[in-house]
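Enquirer: Sequence positions in the sequence shown follow our numbering and run 323 to 839. Every residue gets a Cβ at the ideal spot worked out from N, C-alpha and C, and that includes glycine. Starting off with a structure, shown below.
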Amino acid sequence: MAVADRPGHFHGGLTLPAHKRQSTGSPLRTAAIPEVLIHPLSQHVGAPAEAIVEPGEKVLRGQPVARAAGYVGSPVHAGSSGTVVEIAPRPVPHPSGLSADCVVIRTDGEDRPFEGYDPLTNYRTLNAPALRARVRECGIVGLGGAAFPTSVKLNVGVGLRSLILNAAECEPFISCDDTLLRHRSEEVVLGAQVMLHALEIRHCLIGIEDDKPEAREALTAAVARIGDDRIEVLTVPAHYPSGGERQLIQLLTGHEVPAQGIPADIGYLCHNVGTAAAVARAVLRGEPLISRIVTVTGSGVSSPTNLEVRLGTPMADLIDECGGYTANARYLIMGGAMMGFPLERDDLPVIKATNCLLAASEEDIRPREETLACIRCGDCASVCPANLLPQQLQWYTRANDFEQVEALNLYDCIECGCCDLVCPSHIPLTQYFRYAKTEIWSRKREREQSDHARERFEARKSRLEEQARARQRRLAAKTRALGKAGKDEAARKAMIDEVMQRVRAKKKTDEDQDKGE
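Structure, rendered in structure tokens:
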């Protein structure tokens with residue numbers, strides 16, 4: 323085991339007020355199990371899960387209530403024991419504000435466990451597919467916010483150099499990973515060991531920002547206790563967005579992920595430390611993902627803290643756990659001040675991607691100001707961690723020139739919001755980039771659908787033409803057969819006539835002979 327500072331560098335970024343002490347100043351607490359749990363069927367990247375329970379059915383804590391639909395998907399498990407009330411659309415936390423199908427469970431207060439997943443304490447004797455299957459059936463997804471199915475991400479093939487665990491947690495206000503490391507570092511290290519075995523590699527880097535000394539100390543102590551020299555803990559500067567996947571890899575290794583590429587292209591795979599802990603619980607204890615640590619913070623809540631929360635718990639319950647709203651609460655945001663999105667209501671359920679609830683005042687976040695014309699100052703380009711040209715991306719987006727937008731590597735944008743923060747004209751650049759990505763995806767889908775429709779039409783046309791040709795061939799063959807049959811019939815008649823003539827001739831000859839006698 324090695325512990326070191328790694329003063330790496332990436333382009334741009336900002337040094338921001340952390341706003342983390344208000345939530346890390348109190349110990350981790352467990353939130354009460356609510357009367358009703360709301361489990362959306364879509365709370366991960368990929369196809370929505372398919373419900374496998376019915377209203378009125380009794381369920382146990384950790385029991386699957388929905389199965390994964392497709393390879394890129396994840397099952398959903400009951401957060402506690404109780405009765406399924408309904409499976410119906412409910413409002414869910416999403417930037418669109420739309421509803422989605424949910425399994426609604428009325429809890430019974432008994433919290434009886436489902437015992438369908440045996441601990442795999444012998445996981446080192448298992449192969450990678452078996453471990454990925456356990457991770458998948460336990461519903462583990464990325465807990466850093468992306469919620470990508472972990473079993474899929476672990477199936478990267480060969481050629482990896484290192485597993486990277488992300489403990490940077492650079493987003494202001496969020497401290498759930500910090501809290502996890504202070505209280506459960508050993509789970510993270512055990513999860514790293516399971517992942518190394520599943521990936522069949524022998525090196526893990528854990529990157530943590532230098533403003534988390536307590537978490538770093540707990541983590542290094544856990545690595546030392548377990549005694550695994552494959553795992554390194556490295557400190558990186560507290561510089562937003564150092565927790566971005568590409569940025570952290572560059573800080574830790576000095577290698578840059580190529581434009582429009584992924585970390586695996588250069589031999590790295592990045593997971594969040596919370597994901598690693600969830601993998602450890604799934605494999606070593608047989609526990610599916612039914613809870614997570616959520617930071618509840620901001621000037622708009624009375625007692626900011628971190629809570630261990632059952633998935634499906636209404637967010638309003640967490641606010642109540644923290645003493646309720648303060649008089650200056652103005653916004654409720656899921657995520658941090660930079661990359662989070664506002665919520666219109668607080669009766670929405672906690673989902674797998676809910677790392678933070680920010681009850682913000684006007685002072686906590688930058689208020690929206692009147693948008694002015696771009697003055698071409700270049701400040702946005704100077705802070706962009708992906709080394710993009712935000713002003714040009716915005717111009718081409720406004721002109722609907724999406725081909726040029728793609729040529730400028732739009733998809734390398736991580737939507738960190740640095741450009742928004744420094745823009746003197748208050749242009750919502752990140753919103754433009756999200757719009758452009760959505761529009762490009764939409765147009766590509768339309769082209770694909772059009773191509774599929776054309777292919778289906780051409781295939782049908784070809785099939786009908788072939789059927790017509792086949793009919794013509796059959797008709798020609800029948801005609802030939804009938805023609806041949808006609809000729810054969812004429813020959814047969816001629817032969818019969820010849821025979822009959824001979825018979826008649828012979829008969830006449832015989833008659834003539836009789837008369838002569």
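(1) Classify I697: buried if its beta carbon has 16 or more other beta carbons within 10 angstroms, exposed otherwise.
(2) Scan the segment 629-698 and note each continuous alpha helix (DSSP H) run of 4 residues or more that stays entirely inside, going in chain order.
(3) Considering Cα atoms alone, identify which of C706, W717, A659 and Q726 is closest to P339.
(4) Quick check: the Cα distance between V474 and L797, rounded to an integer number of angstroms?
(5) With 16 other CB atoms within 10 Å as the buried threshold, where does Y310 fall?
(6) State yes or no: is the beta carbon of I584 nearer than 8 Å to at least one beta carbon in chain B?
(7) Is the distance from the Cβ of P386 to the Cβ of P370 below 8 Å?
(8) Can you tell which of R690, T619, Y733 and C706 has its C-alpha closest to the C-alpha of A681?
(9) Let me make sure I understand the geometry here. Which of Q515, E531 and A792 has the alpha-carbon closest to that of D551?
(10) State the start and end residues of the unbroken alpha helix (DSSP H) segment that holds R343.
(11) Which runs of the beta strand (DSSP E) spanning at least 3 residues fall entirely within the segment 393-438, listed in chain order?
(12) Need the endpoints of the alpha helix (DSSP H) that E539 sits in, please.
(13) Compute the Euclidean distance between the alpha carbons of A560 and F495, then round it to the nearest angstrom.
(14) Would L640 pass as a contact of L574 if the rule is Cβ separation under 8 Å?
(15) I need the DSSP call for T337, collapsed to helix, strand or coil.
(16) Give me the residue from L665, R632, C498 and P413 with the minimum Cα distance to H341.
(17) For F663, tell me which candidate among I553, G739 and H525 has the shortest Cα-Cα distance.
(18) Nearest to Q344 by alpha carbon, out of R506, V623, H519 and V558?
(19) Whose C-beta lies closer than 7 Å to the C-beta of R434 among residues of the same chain, with five residues either side of it excluded?
(20) In this structure, how does DSSP classify P386 when only helix, strand and coil are distinguished?
(21) Shortest alpha-carbon distance to G335 belongs to which of L804, A790, R785 and D701?
(22) If you compare alpha carbons, which of G565, D669 and E491 is closest to P415?
(23) Under 8 Å by Cβ, that's how I've got A540 and R504 pegged, so tell me the actual separation to the nearest angstrom.
(24) Can you say whether E491 is buried or exposed, counting buried as having 16 or more other CB atoms within 10 angstroms of its CB?
(25) Tell me the rounded alpha-carbon separation between L465 and S784.
(26) In whole angstroms, what is the alpha-carbon distance linking H331 and Y562?
(27) Pull up the distance between the alpha-carbon of R782 and that of R791, whole angstroms please.
(28) Under 7 Å Cβ to Cβ from E432, same chain only, skipping five residues before and after it: list those, please.
Expert: Let me spell this out:
(1) exposed
(2) 637-643
(3) A659
(4) 56 Å
(5) Nothing can be reported for residue 310, as the shown portion of the chain is limited to 323 through 839.
(6) No chain B appears in the structure shown, which is made up of a single protein chain.
(7) no
(8) T619
(9) Q515
(10) R343 to T346
(11) 404-413 and 421-429
(12) P535 to I548
(13) 13 Å
(14) no
(15) coil
(16) C498
(17) G739
(18) V623
(19) L382, R383 and S403
(20) strand
(21) D701
(22) D669
(23) 5 Å
(24) buried
(25) 50 Å
(26) 11 Å
(27) 14 Å
(28) S403
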